[in-house]
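Undergrad: This is the structure, below, for whatever I ask next.
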Amino acid sequence: MGRTAFRVEGLMKNRMRRAAVLTAALLGGILAGPALSAGAQTPPDLDSGYVSDFSDVLSDAQETRLEKRLGELASSDGLPELYVVLVPDFAEPSNALAWADATALRNNLAPDQYLLAIATEGRSLAISAEYGGDAVAAGPLSEDRVLQIEDDLGSRYLADDDWAGGIGFVADEFAKAPLPWWVWVLGIAGVGLVIVVVTQLVLLVRRRRALAAELRTLEGQKKTAARRLVQTDEAVRTSEQELGFVTAEFGEETTASFTALLADCRARLQEAFQLLEKLQDAEEDSTAETREWTNTILRLCVEVDDDLDGRRQELASLRALAEGAADTLARLRTARADAATLQSEAADRLASLAAAFAPADLIGVVDNADQIGGRLQAADVQLEALQRAVDARKPKAITDAVHEVERLLAEAKELRSAIEAQADALSARSASSAAAASTLEQATTAVRAAEASVQARPGGVSAFTLSRLNAAQRLLATAAAASDPDAAQRHAASALATAEQVQSLIGEAAPERGRFVRSAASTHPADDGAVMYDTAVSAAARESSWQNYVGEDDTDGMGGKAVAGGLSGGVIGLFGGMAVGEGNPGAVAMFVIGGAVLGALLGAFGSSGGGGGSSSGWGGSSGSSSRRSWSSSSRSSRSSSSRSSSRSSSRSSGRSGGRRF
């Protein structure tokens, strides 16, 4: 009662004082002549209350009601105080914001005390505020918030001369103070809890879905297709070796049908490898495509195996090894003796290459000498088994032993040949440095070396390595057939890099889920986009721009994606809630929680792992469509320059003027 009575009692005194001030101003105006326009007011001392109506546009009832409202605002904890001064026009300075700041400084207003200055006849307004700075405390309201209040005050109230309504509106806006720190802590904790709960739910659902789909998943079928393709390729290569011996015995005319069959099998395997390459590339495949391609690979492998099995019996009958077992044993012993020097020759050749080239260049053949030794030892064991089978007159055992000895000796020779093929490839590369060989020649020797290394290890390389060799062969064929020199150069370079990659993968298991991507550097329309799986060795050796991508199980990183998405969504929801909710705590909380939930879901299930949505979708400005055209222009002009103040450089910093209405 005492404070309110004091406010009311001071109203009459204020009226008398303002009358005296106006009288003095009138006399000063007469004496000053044209120096001041009629009704202009210099920064005055404020009345003892919160409202100083020097324009006398408020009724006694309105002023009493506003004094009470502003007093309640000032007595509330955590809320700023608001002082209001109404004058006919601003003078010395005439700029509205400078006049408001000067009045605030003159009356020693604190950082949490704001001054609303209104020129009722000059049709301008400004709110003087403290925004912080060096060693200066800031008021609780941001500059953007103050600007928004000025916009709405001028366009919605003062433009219609609703002085009391406008002041009441500003008081209501000031009552919407920022949330205390503990509310933010609780909000962040709530968002974190929501993210954890959503993440666990998502993981639970995903695990159940994975268990339910485990029996029908296509991933197992893809692995089965790759494994079966490796086995079929081994069978074809072994048959090609055997055919070489049969041809040597009986001539090419007798084995022509077998040669044609193997060529057909190799063509079908090439088709299967191309489908496997599609399954392993970086492009996402649909379920139907994956099922169709894996089924086709398996079908082609079955067809090749059936054809080989049918002709295998014919070869066995043709050779009739059991009848000439003694002669065959003698022939194989001679072949074994001839192969005795292969290991030492290979070791010497590797030693000379190691002295001339980097270890990375020999990675595909570095252990060939040891492997030759292993093949020869195994051949000796099989020769002993063949001797026992001949003595015991066991046709099947004789046939099996003969096949094994021939295979082992053939692989030993191919391992030795692979060293020479790699040496030719390295020599071609060195010659290219001296401009003595073209890229196509380099690629030819490199692919030949890769073929020799793979041929010497049937069944000993992964499906990925075989698919890379197949790709290198196709690229080389494309380069050789290209009529455009630039296209031929590009394809040859890709074939060379892929062949070198095959050498780096020889004897090592490629990643189960390894994927290879198309070269980003190739933009030529004629280029079909050479592909290559990047390894540390090949990348360093070629200094290429190939990219490496290894697919991961979505479930492994899903929790982290959900957390990241939830945090992003919560942040976006926070800003959206502050814009749309206009500071309402309930609205802000709803936006934050909703954004966190949606962001976590998008992070876990979405393709990009993001969360929250776009900045335009969550919020936006409030009431912008109702503002007058001068709002945006005056705001931009106010932010274009800064002003100084004797009180502090931070009060109304960055704003050059008030606002017209």
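The sequence shown: position 24 = 24 (full-length UniProt numbering), numbered continuously. Yeah, the Cβ is synthetic: ideal placement off N, Cα and C, and Gly gets one too.
#1: In whole angstroms, give me the CA-to-CA distance for glycine 192 and valine 205.
#2: Rounded to whole angstroms, what's the CA-CA distance from isoleucine 372 to alanine 418? Just pull it up for me.
#3: If we ignore side chains and look at the alpha-carbon of each, how far apart do lysine 68 and serine 59 end up?
#4: What does DSSP give as the partner residues of residue 677 in its beta bridges?
#5: Using the beta-carbon count (16 or more within 10 Å), is valine 381 buried or exposed?
#6: Would proline 111 and glycine 71 qualify as a contact pair, given that the criterion is a beta-carbon distance under 8 Å?
#7: Quick one: give me the first and last residue of the alpha helix (DSSP H) that isoleucine 363 is part of.
#8: Applying the criterion that 16 or more other CB atoms from any shown protein chain within 10 Å of the CB defines a buried residue, is lysine 222 buried or exposed?
#9: Please work out which residues of its chain come closer than 8 Å, Cβ to Cβ, to arginine 336, disregarding the five sequence neighbours upstream and downstream, and give them in chain order.
#10: Quick check: the region 466-474 against the region 274-283, are at least 3 beta-carbon pairs closer than 8 Å?
#11: Distance, Cα to Cα, asparagine 368 vs leucine 415?
#12: Apart from the five residues on each side of it in sequence, which residues of its chain come closer than 7 Å, Cβ to Cβ, to threonine 247?
#13: Classify leucine 243 as helix, strand or coil using the three-state DSSP reduction.
#14: If distances are taken between C-alpha atoms only, which option among Gln503, Gly460, Ile127, Thr445 comes closest to alanine 492?
#15: Suppose the cutoff is 8 Å on Cβ atoms and the five residues either side in sequence are ignored; what does the same chain contact list for threonine 341 look like?
#16: Go ahead and pull the three-state DSSP assignment for isoleucine 506.
#17: Candidates Val87, Trp163, Ala171: which alpha carbon is nearest residue 689's?
#18: In the DSSP assignment, what are the bridge partners of aspartate 89?
#19: Taking the continuous alpha helix (DSSP H) assigned at leucine 115, which residues delimit it?
#20: Which ranges does the beta strand (DSSP E) cover as unbroken runs of at least 3 residues, wholly within the region 254-303, from first to last along the chain?
#21: Whole angstroms are fine: how far does the CA of serine 483 sit from the CA of phenylalanine 464?
#22: Please determine if the region 487-501 and the region 294-311 are in contact, where contact requires at least 3 C-beta pairs separated by less than 8 Å.
#23: With leucine 125 as the anchor, note down where its beta strand (DSSP E) starts and where it stops.
#24: So serine 52 is in the alpha helix (DSSP H); what residue range does that whole segment cover?
#25: Quick check on this structure: which residue in Ser453, Ala425, Asn108, Ile506 has the alpha carbon closest to the alpha carbon of phenylalanine 357?
#26: Can you tell which of Gln387, Glu345, Asp338, Ala225 has its C-alpha closest to the C-alpha of glutamine 280?
#27: Straight-line CA distance for glutamine 503 to leucine 218?
#28: Does leucine 115 have its Cβ less than 8 Å from a Cβ in chain B?
#29: How about leucine 269 and aspartate 233: do their beta carbons lie closer than 8 Å?
#30: Can you tell me which of the three DSSP states valine 461 falls into?
#31: Check whether the Cβ atoms of leucine 440 and alanine 389 lie closer than 8 Å to each other.
#32: On a Cα-Cα basis, can you pick out the residue from Ala267, Pro44, Leu82 that is closest to glutamate 173?
#33: Out of Ile118, Ser48, Asp101, point me to the one whose CA is closest to alanine 40's CA.
#34: Verify whether the separation of the beta carbon atoms of serine 128 and alanine 104 is less than 8 Å.
#35: How long is the line joining the alpha carbons of serine 427 and alanine 346, rounded to whole angstroms?
#36: Use the C-beta contact count for glutamine 422: other C-beta atoms within 10 angstroms, 16 or more gives buried, fewer gives exposed.
TA: Result, derived from the coordinates:
#1: For the purposes of this step, residue 192 is identified with residue 192 of the sequence shown, where counting begins at 1. For the purposes of this step, residue 205 is identified with residue 205 of the sequence shown, where counting begins at 1. Each residue's alpha carbon lies about 20 Å from the other.
#2: Against the sequence shown, residue 372 aligns to sequence position 372. Against the sequence shown, residue 418 aligns to sequence position 418. Answer to the nearest angstrom: the Cα atoms are 11 Å apart.
#3: Looking up residue 68 in the sequence shown gives position 68. Looking up residue 59 in the sequence shown gives position 59. Lysine 68 and serine 59: Cα-Cα distance of roughly 14 Å.
#4: One cannot answer for residue 677 here, as it falls past the ends of the chain, which runs 1 to 661.
#5: Position 381 of the sequence shown, counting from 1, holds the residue named residue 381. Taking all protein chains shown into account, valine 381 has fewer than 16 neighbouring C-beta atoms within 10 Å of its C-beta and is therefore exposed.
#6: For the purposes of this step, residue 111 is taken as residue 111 along the sequence shown, with counting starting at 1. For the purposes of this step, residue 71 is taken as residue 71 along the sequence shown, with counting starting at 1. Not a contact, by the Cβ cut-off of 8 Å.
#7: For the purposes of this step, residue 363 is identified with residue 363 of the sequence shown, where counting begins at 1. It is not in any alpha helix (DSSP H) - isoleucine 363 carries neither H nor E in the DSSP assignment.
#8: Residue numbering aside, residue 222 sits at position 222 when the sequence shown is read from its first letter. Lysine 222 should be labelled buried.
#9: By one-based count along the sequence shown, residue 336 stands at place 336. Within the same chain, arginine 336 has close Cβ partners Leu376, Ala379, Asp380, Leu383, Val405, Leu409.
#10: Inter-segment contact for the region 274-283 and the region 466-474 is present: three or more beta-carbon pairs are separated by less than 8 Å.
#11: Here residue 368 corresponds to residue number 368 of the sequence shown, with the count starting at 1. Here residue 415 corresponds to residue number 415 of the sequence shown, with the count starting at 1. In this structure, the alpha-carbon of asparagine 368 lies about 6 Å from that of leucine 415.
#12: Position 247 of the sequence shown holds residue 247. Sequence-distant partners of threonine 247 (beyond 5 residues in either direction) whose C-beta falls short of 7 Å from its own C-beta, in its chain, are Thr255.
#13: In the sequence shown, the residue the question calls residue 243 occupies position 243. Three-state result, leucine 243: helix.
#14: For the purposes of this step, residue 492 is taken as the residue at position 492 of the sequence shown. Selected option, being the one with the closest Cα: Thr445.
#15: If you number the sequence shown from 1, residue 341 lands on position 341. Shown here for threonine 341: not one same chain residue has a beta carbon closer than 8 Å to its own, the five before and five after excluded.
#16: Mapped onto the sequence shown, residue 506 falls at position 506. Looking at isoleucine 506 - three-state DSSP - the assignment turns out to be coil, as it is neither helix nor strand.
#17: Because the chain is modelled from 1 through 661, residue 689 falls outside the range shown and cannot be assessed.
#18: The count along the sequence shown starts at 1 and reaches residue 89 at position 89. DSSP lists Ala40 as partners of aspartate 89.
#19: In the sequence shown, residue 115 corresponds to position 115, counting from 1. Leucine 115 -> not in any alpha helix (DSSP H); beta strand (DSSP E) instead, spanning 113-119.
#20: Counting only runs of 3 or more, we get nothing.
#21: Here residue 464 is taken as the residue at index 464 of the sequence shown, counted from 1. Here residue 483 is taken as the residue at index 483 of the sequence shown, counted from 1. Approximately 30 Å between the Cα atoms of the pair.
#22: As far as the Cβ criterion goes, the region 487-501 does not touch the region 294-311, which means the pair count is below three.
#23: On the sequence shown, residue 125 is found 125 positions in, with the first residue counted as 1. Going by DSSP, leucine 125 is part of the beta strand (DSSP E) stretching over 124-128.
#24: One-based indexing of the sequence shown puts residue 52 at position 52. No alpha helix (DSSP H) holds serine 52; the beta strand (DSSP E) holding it covers 51-53.
#25: Residue numbering aside, residue 357 sits at position 357 when the sequence shown is read from its first letter. Nearest C-alpha to phenylalanine 357: Ala425.
#26: Locating residue 280 in the sequence shown gives position 280, counting from the first residue. Among Gln387, Glu345, Asp338, Ala225, the Cα nearest to that of glutamine 280 is on Ala225.
#27: The residue labelled residue 503 in the question sits at position 503 within the sequence shown. The residue labelled residue 218 in the question sits at position 218 within the sequence shown. Straight-line Cα distance between these residues: approximately 30 Å.
#28: Of the protein chains in this structure there is only one, and it is not chain B.
#29: Residue 269 sits at position 269 when you count from the first residue of the sequence shown. Residue 233 sits at position 233 when you count from the first residue of the sequence shown. Yes, the Cβ-Cβ distance between leucine 269 and aspartate 233 is below 8 Å.
#30: Numbered from 1 along the sequence shown, position 461 holds the residue referred to as residue 461. Coil.
#31: Taking the first residue of the sequence shown as 1, we reach residue 440 at position 440. Taking the first residue of the sequence shown as 1, we reach residue 389 at position 389. Not closer than 8 Å, so no.
#32: Position 173 of the sequence shown, counting from 1, holds the residue named residue 173. Comparing alpha-carbon positions, the option among Ala267, Pro44, Leu82 lying closest to glutamate 173 turns out to be Leu82.
#33: Here residue 40 is taken as the residue at index 40 of the sequence shown, counted from 1. Answer by Cα proximity: Ile118.
#34: To locate residue 128, count along the sequence shown from 1; it is residue 128. To locate residue 104, count along the sequence shown from 1; it is residue 104. Yes, the Cβ-Cβ distance between serine 128 and alanine 104 is below 8 Å.
#35: Numbered from 1 along the sequence shown, position 427 holds the residue referred to as residue 427. Numbered from 1 along the sequence shown, position 346 holds the residue referred to as residue 346. Counting only the Cα atoms, alanine 346 lies some 17 Å from serine 427.
#36: For the purposes of this step, residue 422 is identified with residue 422 of the sequence shown, where counting begins at 1. The residue is buried, with at least 16 neighbouring Cβ atoms inside 10 Å.
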